[in-house]
Each structure stands twice: as C-alpha cells, then as structure tokens.
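*Asks:* Residue numbers (the working numbering): -1 to 426. Even glycine gets a Cβ: it sits at the ideal position worked out from N, Cα and C. Quantities reported herein were computed from a predicted structural model and do not represent experimental measurements. So that we are looking at the same thing, I have put the structure below in structure tokens.
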C-alpha cells in the first residue's frame, strides 16, 4: 500500500471518520472473512444493470467493502444498496447492518476520504468526466469498457491517471478469461507463424436519433443523466429503462451516447486483436473503406491487417497466420492445426501478462501499485480503434492515422476526434 492509503487507514481507525463497518470486531466475522478495515473501500458510480454483475464479482473476492453508491435514478440506487447491504448483513448475521450509503451526486462520493477506489458503470458519455475527477480526487479506478466516447477524452483519461499516480483497470474482462489468454499466447508465441490478418466480427456504427419523447419517471434526474452532452435529447425508456425492464439499455445505439456495436462488442474483440498483435500502446496506420455494410480494413505498419466484418453470427476474433489460425469467442477456442489449442505453456514461456480474475487483478494492482492487465493506456488504445473506425464509416472514405500523434491526415476527420462538452463537465 502507498503512504497515502496507510495514513487514511490510520485516520479511520483512530475514529476521525466514523463508519459503521469500521466497528465490527474481527472475531465476529468468522474464518476466511477479512475485516472491513483491511479491505479496499469501493464506491460505485452508476447503479444500472451492469453494476449488479460488477458488484457481485467484487463481493466474491472477499477483499472489498462497498461503502457508497451513486446514481441519477433513485430507484436503481436504492435497489443496488438494498442488495449490497443484505449481502453484508447475511455474512455478518446482523439483520440491520449497513455498509453502503447512497449519494445522488457522484462528486460528493469522490470527496469522501474513506473511499480508496471507484467502479464507474455509467453510460459511455460520462466516463471521461467521472474518471478524470476520480483521479484528481486520489481514487483508483475501475471503468467499464469502452473506455471513452472519443479519442480526445480517452487521452485525457490516460493523462489524468498518470499525473495523479492512480491505478486504472479497464473493464475488458476477456483479458482475464482462459480461452482469450490461450489464444493470444498462441499468437504472440509464434505458434501460427507471422500474423497476416485478424478478422473481428462485431456490430457496426451507432445510428442517428429516432426516439420519441416520453414522460420522465419519478426519481430520475434526466438533466444529470444527459451530463456532458450539449445536445439535449428527450427521455425515452430505451435509454434508461425501468427496474423491471427485460432488456439492456440501448443508449449505446445512438451517436450522442455511444459508438454502436463497434464500441460495444468491439471494445472486447478489437481489444483481443490489439493484444494479439502487440499493439496495446499503438494502433493502425491506415483505415481502408470500401462500401457501406462491407466492412473496414485496418492496416498496421508491420503489415498486419485487422478486418472488421459487420455482425455476421457470433462475435469473435480470428487470427490468420502463415502457419496456422486461431479462432476465439467467449467459451470457444478453435485452432488450425486443431491440436494447437491444447498446447501447454509453462509459466516462463508466457509472452503476455496472465490474469485469471479481472477484479482481483485490479485489487492486487491497488496493493502493489503496478499496472493491471488492462491499464488505462490499453483501454484507450482499444477504444480509439473502435472510435476511428466509426469516423471512417461516417465519412465513408479511407483515412491515414498516426498512432503516435493520434491524428488523421484529414481535417474533417480530426474534428471528429472530440465533441462539444458542457462547460461544467469539460475535461479538455
């Protein structure tokens, strides 16, 4: 732990800040249960559908204490808190035990000195504004993918993380899944020879606004949900569904709030393609556009190509080398030659960082102050591949890209690397 966190824990234990979870005696917790004062104190920003899975994964580690949660939709914040506090109450055998409290404005959550790290599970158009402020507040950060809505916002997130010496894990959890680790290890070890092409099979760009105005539900601060956006859009339930909705929110389908399938599943599969090519700190040199709906070719300086194929079956990443192929999707790994997929690597043979639990990896990075498996720069570079692909689709022409300077050779394209942001939420 760093000096700041040691001082913070001493401060808390001394009683200067009182929180109910701090006074539970260690002996009542039982064997195998870590005292709350020895855990990483987490604050959740965003309590929608995605947050439930994240909460459960962090609770399963037994290494965290969720102490606060913030959302602009009161009923979702309350639901998140109820489930969280019941989990702790059940573990401790105390019916009314409360670990986490609700905070409607995430800036107040960031101001709490007893929070070590935040989990950002808000819509993509909020990521930069929240992450930059979290870094400035001295919090370590776990932020959902895709990292950023624009290339400029992603770079600002990297800069803020580095300037404030924060640990940052991007929520591209496929990097901690065995089939993807094995696939990338096979590629990076040279098992399929020199990689020539990588086919990425995910959806396409976002669409223009086509939703009708509906009444804003009670307890939802719609203006705050819109946040950094300068273009006001009326409420529609597909953007922020009710608690009992059977579908995932669809805000990412619209250009104001997300990048469509390109950034949704693309942030997973382009991420694996970048990892396999060893491009976590770089990107393509050229994007070649053909015809609407026919895909896009990313050319890299080393001669490799990533070929985006708009949704056609299962989302996947398919590496084609001079001596073989590797096909990987969730729960599936196929190779040519076929026995290659079962190749056993010894620890010393690995060419890539290995993580078996994305959430524990983040917590371990907090303790060691070393980068996690999907550091902010990595997340930014993957999001950039998705975002510049969307720009190419929007302009419908081929573009050259400088991955070092992060600019196109095209003035109109460069104007799309950022967006207008409300003054209150500006990050650049």
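1. Below 8 Å, can you find three or more Cβ-Cβ pairs linking the region 221 to 231 to the region 73 to 93?
2. Less than 9 Å between the beta carbons of residue 52 and residue 115, yes or no?
3. Quick one: using the 10 Å Cβ neighbour count with 16 as the cut-off for buried, is residue 385 buried or exposed?
4. Shortest alpha-carbon distance to residue 73 belongs to which of 266, 215, 92?
5. With a 10 Å radius around its C-beta and 16 neighbouring C-beta atoms as the bar for buried, classify residue 263 as buried or exposed.
6. DSSP three-state label for residue 4, please.
7. Could you name the residues of the same chain whose beta carbon sits closer than 6 Å to that of residue 165, not counting the 5 residues immediately before and after it, in chain order?
8. Examine the Cβ distances between the region 405 to 418 and the region 389 to 396 and report whether three or more of them are shorter than 8 Å.
9. Does DSSP classify residue 388 as helix, strand or coil?
10. Rounded to the nearest angstrom, what separates residue 256 and residue 98 at their Cα positions?
11. Leaving out five residues before and five after residue 171 in sequence, what residues of the same chain have Cβ atoms less than 7 Å from its Cβ?
12. Residue 323 bridges to which residues according to DSSP?
13. Taking 8 Å as the threshold, find out whether the region 307 to 327 comes into contact with the region 174 to 181 through three or more Cβ pairs.
14. Let me know if residue 203 comes out buried or exposed under the rule of 16 or more other beta-carbons within 10 Å of its beta-carbon.
15. What number of angstroms, rounded off, separates the C-alpha of residue 413 from the C-alpha of residue 151?
16. Please work out which residues of its chain come closer than 6 Å, Cβ to Cβ, to residue 124, disregarding the five sequence neighbours upstream and downstream, and give them in chain order.
17. If we count Cβ pairs, one from each stretch, closer than 8 Å, do we get three or more for the region 189 to 204 versus the region 127 to 147?
18. Out of 85, 377, 69, 104, which one is the CA nearest neighbour of residue 96?
19. State the CB to CB distance for the pair residue 67 and residue 100, rounded to an integer number of angstroms; the pair is presumed to be in contact (CB under 8 Å).
20. Spell out the partners DSSP gives residue 303 in its beta bridges.
21. When DSSP labels each residue in this structure, what does residue 19 get in the three-state scheme?
22. Evaluate residue 130 with the Cβ neighbour count: other Cβ atoms within 10 Å of its Cβ, from every protein chain shown; 16 or more gives buried, anything less gives exposed.
23. By the DSSP assignment, the alpha helix (DSSP H) with residue 176 in it spans what residues?
24. From which residue to which residue does the alpha helix (DSSP H) around residue 78 run?
25. Short check: CB of residue 267 to CB of residue 314, under 9 Å?
26. Apply the 10 Å Cβ neighbour rule to residue 211 and answer buried if 16 or more other Cβ atoms are within range, or exposed otherwise.
27. Please identify the residue among 379, 46, 374, 402 whose C-alpha is closest to the C-alpha of residue 160.
28. Could you tell me which whole alpha helix (DSSP H) segments of length 4 or greater appear in the region 190 to 248?
29. Report the three-state DSSP secondary structure of residue 43 (helix, strand or coil).
30. Would you decide whether residue 426 is buried or exposed? Buried here means 16 or more other CB atoms lie within 10 Å of its CB.
31. Residues bridged to residue 418 by DSSP?
32. Please report the residue range of the alpha helix (DSSP H) in which residue 284 lies.
33. Give the DSSP-derived three-state secondary structure of residue 163 in the structure shown.
34. Between which two residues does the beta strand (DSSP E) harbouring residue 117 extend?
35. In this structure, does DSSP put residue 147 in helix, strand or coil?
36. Going by DSSP in three states, residue 97 sits in which element: helix, strand or coil?
*Replies:* Checking against the coordinates, here is how it stands:
1. no
2. Translated into the one-based positions of the chain shown, residue 52 becomes position 54. Translated into the one-based positions of the chain shown, residue 115 becomes position 117. Result no, Cβ atoms of residue 52 and residue 115 do not sit closer than 9 Å.
3. For this step, residue 385 is matched to residue 387 along the chain shown. Answer is buried; the Cβ neighbour count reaches 16.
4. Here residue 73 is taken as the residue at index 75 of the chain shown, counted from 1. Ranking 266, 215, 92 by Cα distance to residue 73 puts 215 first.
5. Here residue 263 corresponds to residue number 265 of the chain shown, with the count starting at 1. Buried: at least 16 other Cβ atoms inside 10 Å.
6. Here residue 4 refers to the residue found at position 6 of the chain shown. The predicted model places residue 4 with a pLDDT of 36, which falls under 50 and marks its position as unreliable, so this point remains unresolved.
7. Here residue 165 refers to the residue found at position 167 when the chain shown is read from its first residue. Hits under 6 Å: 138, 363, 364.
8. yes
9. As a first step, residue 388 must be located in the chain shown, where it is residue number 390. Helix.
10. As a first step, residue 256 must be located in the chain shown, where it is residue number 258. As a first step, residue 98 must be located in the chain shown, where it is residue number 100. Distance between the alpha carbons of residue 256 and residue 98: 30 Å.
11. As a first step, residue 171 is located in the chain shown; it is residue number 173 there, counting from the start. Closer than 7 Å at Cβ, skipping near neighbours: 356.
12. Position 325 of the chain shown holds residue 323. Answer is 318, 334, bridged to residue 323.
13. yes
14. Position 205 of the chain shown, counting from 1, holds the residue named residue 203. So residue 203 ends up on the buried side.
15. Numbered from 1 along the chain shown, position 415 holds the residue referred to as residue 413. Numbered from 1 along the chain shown, position 153 holds the residue referred to as residue 151. C-alpha separation (whole angstroms): 13 Å.
16. Taking the first residue of the chain shown as position 1, residue 124 is located at position 126. Once the five neighbours on either side are set aside, the close Cβ partners of residue 124 are 225.
17. no
18. Counting from 1 along the chain shown, the entry for residue 96 is found at position 98. The shortest Cα separation from residue 96 among 85, 377, 69, 104 belongs to 85.
19. As a working mapping, residue 67 is identified with position 69 in the chain shown. As a working mapping, residue 100 is identified with position 102 in the chain shown. Residue 67 to residue 100, Cβ: 6 Å. Contact.
20. Translated into the one-based positions of the chain shown, residue 303 becomes position 305. Residue 303 is bridged to 195, 297.
21. For the purposes of this step, residue 19 is identified with residue 21 of the chain shown, where counting begins at 1. Bear in mind that a pLDDT of 36 at residue 19, under 50, signals an unreliable position, so the model cannot answer this.
22. Translated into positions along the chain shown, residue 130 becomes position 132. Answer is buried; the Cβ neighbour count reaches 16.
23. If you number the chain shown from 1, residue 176 lands on position 178. Run containing residue 176: 176 to 186, per the alpha helix (DSSP H) assignment.
24. For the purposes of this step, residue 78 is taken as residue 80 along the chain shown, with counting starting at 1. Where residue 78 is concerned, the enclosing alpha helix (DSSP H) stretches over 72 to 90.
25. For the purposes of this step, residue 267 is taken as residue 269 along the chain shown, with counting starting at 1. For the purposes of this step, residue 314 is taken as residue 316 along the chain shown, with counting starting at 1. Closer than 9 Å, so yes.
26. The residue labelled residue 211 in the question sits at position 213 within the chain shown. So residue 211 counts as exposed.
27. By one-based count along the chain shown, residue 160 stands at place 162. Checked all of 379, 46, 374, 402; the closest Cα to residue 160 is 374.
28. 220 to 224
29. Indexing the chain shown from 1 puts residue 43 at position 45. Correct three-state label for residue 43: strand.
30. Numbered from 1 along the chain shown, position 428 holds the residue referred to as residue 426. Flag for residue 426 reads exposed.
31. By one-based count along the chain shown, residue 418 stands at place 420. Answer by DSSP bridge pairing: none, since residue 418 is not bridged.
32. Translated into positions along the chain shown, residue 284 becomes position 286. Element bounds for residue 284: not the alpha helix (DSSP H) but the beta strand (DSSP E), 284 to 287.
33. Within the chain shown, numbered from 1, the residue matching residue 163 stands at position 165. Residue 163 falls in the coil class under three-state DSSP.
34. Mapped onto the chain shown, residue 117 falls at position 119. Here the beta strand (DSSP E) through residue 117 covers 115 to 118.
35. As a first step, residue 147 is located in the chain shown; it is residue number 149 there, counting from the start. Residue 147: coil per DSSP, three-state reduction.
36. Your numbering for residue 97 matches position 99 in the chain shown. It is coil, neither helix nor strand.
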